[in-house]
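Colleague: If you scroll down you'll find the structure; I have some questions about it.
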Amino acid sequence: MPSIASVKKDLEALGTTGQEEILNYLEEVIVLGSFATEVTNEVRENRFSKGKVCPHCGHEEVSRNGKFNGKQRYICKSCRKTFTDFTRSPPS
Numbered sequence: 010m011p012s013i014a015s016v017k018k019d020l021e022a023l024g025t026t027g028q029e030e031i032l033n034y035l036e037e038v039i040v041l042g043s044f045a046t047e048v049t050n051e052v053r054e055n056r057f058s059k060g061k062v063c064p065h066c067g068h069e070e071v072s073r074n075g076k077f078n079g080k081q082r083y084i085c086k087s088c089r090k091t092f093t094d095f096t097r098s099p100p101s
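Using our numbering, the letters of the sequence shown correspond one by one to residues 10 to 101.
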């Protein structure tokens, strides 16, 4: 893994246009990354405000069922279908 000093040296060698591209990229990653976390937390709060409920059958007994792509998965104890915080929501 490159050191911070070597990255700084490489950035200086890029010139103004390259540095602006890198800056835009970093702003996007940092700003949108934190925004995505906020949205995920808000969706989770709204979806489970009255307890965890299966979006397929409405049953209230669900269990955690591992993670996929960094998202918590759940499984319904009634219909046995799995879901995430975003199942059947507009961004899914």
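All C-beta atoms in this analysis are idealised placements derived from N, C-alpha and C, irrespective of residue type, glycine included.
The model shown is predicted, which means the values in this text are computed figures rather than measured ones.
Going by DSSP, what residues sit across from G60 in a beta bridge?
Modeller: Mapped onto the sequence shown, residue 60 falls at position 51. DSSP, once it has assigned bridges, lists S58 as partnering G60.
Colleague: In whole angstroms, what separates the C-alpha of S101 from that of F95?
Modeller: Here residue 101 is taken as the residue at index 92 of the sequence shown, counted from 1. Here residue 95 is taken as the residue at index 86 of the sequence shown, counted from 1. In this predicted model, S101 has a pLDDT of only 45, less than 50, meaning its place in the structure is not dependable; the value taken from the coordinates is given anyway. Their Cα atoms are separated by approximately 6 Å.
Colleague: Taking only three categories from DSSP, how would you classify K80?
Modeller: Indexing the sequence shown from 1 puts residue 80 at position 71. Three-state result, K80: strand.
Colleague: So what does DSSP say about R89, is it helix, strand or coil?
Modeller: In the sequence shown, counting from the first residue as 1, residue 89 sits at position 80. Three-state DSSP puts R89 in coil, outside helix and strand.
Colleague: May I ask you to report which of helix, strand or coil DSSP gives S101?
Modeller: Along the sequence shown, read from residue 1 onward, the residue named residue 101 stands at position 92. Annotation note: pLDDT 45 at S101 (below 50); position unreliable, no value reported.
Colleague: For N74, collect the residues of the same chain with a Cβ closer than 7 Å to its Cβ; drop the 5 residues on either side in sequence, then sort them by chain order.
Modeller: Walking along the sequence shown from the start, residue 74 turns up at place 65. Cβ within range, chain order: R82, Y83, I84, T91.
Colleague: Quick one: grab the DSSP three-state call for G27.
Modeller: Within the sequence shown, residue 27 is the residue found at index 18, counting from 1. G27 falls in the helix class under three-state DSSP.
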